[in-house]
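Residues in the sequence shown are numbered consecutively from -5, following the working numbering.
Beta carbons are placed, not taken as given, at the ideal position from N, Cα and C, and that holds for glycine.
As the structure is a computational prediction, the values presented were derived from the model and not from experiment.
All remarks here apply to the structure that follows.
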Amino acid sequence: MVTLQTTSSPVLPEHEDDPHTFHIFVMVKTTRHWLDLKTEQRLAFLQEEVIPLLRRRPELRVRWFEPEAFSTRATDVMICETSDLSAWAWFCDHLRETRFWDHYFDVLDIMPALEGNYLA
């Protein structure tokens, strides 16, 4: 028999300061347009079009993962962390107006989630 321990805190320790942190998983697949760019061109695009959007919404923290060696569905996963869903919606709306969306990357799925606190 397995006994699950509970904690007295209603949230996981890493979110005690902000228990309403959302993690938004964005699965994308690179297009030929992105793959045909040289590294310098990719970096220039990010510096000119994506980074300025993120600077305008400091409530968002973004991490980038590359599962392409293990997945045929998604080549990349962007994980955005925020407690402000309106900041995410703003970023998403503006990202769609760049070449990121449907030109360099096909956005396959967007999955917002709260970290599992079911044991707390």
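{"Check": "C-beta contact flag for ARG57 and ILE73 at 7 Å", "Outcome": "yes"}
{"Check": "Assigned secondary structure, THR(-3) (DSSP; H/G/I helix, E/B strand, else coil)", "Outcome": "Interpretation of THR(-3) is limited by its pLDDT of 39, a score under 50 that renders its predicted location unreliable; the figure taken from the coordinates is listed afterwards. Of the three classes helix, strand and coil, the one that applies to THR(-3) here is coil, per DSSP."}
{"Check": "Closest residue to VAL43 among THR92, GLY110, ALA68 (Cα-Cα distance)", "Outcome": "Here residue 43 is Glu; the residue named in the question, Val, does not match the sequence. When each option's Cα is compared against that of GLU43, the closest is THR92."}
{"Check": "Where THR33 falls, given that 16 or more other Cβ within 10 Å makes a residue buried", "Outcome": "exposed"}
{"Check": "Option in ASP100, GLN41, MET105, TYR98 with minimal Cα separation from LEU79", "Outcome": "MET105"}
{"Check": "Residue closest to PHE59, alpha-carbon to alpha-carbon, out of THR15, PHE19, GLN35", "Outcome": "PHE19"}
{"Check": "Check whether LEU47 and PHE94 have beta carbons under 7 Å apart", "Outcome": "no"}
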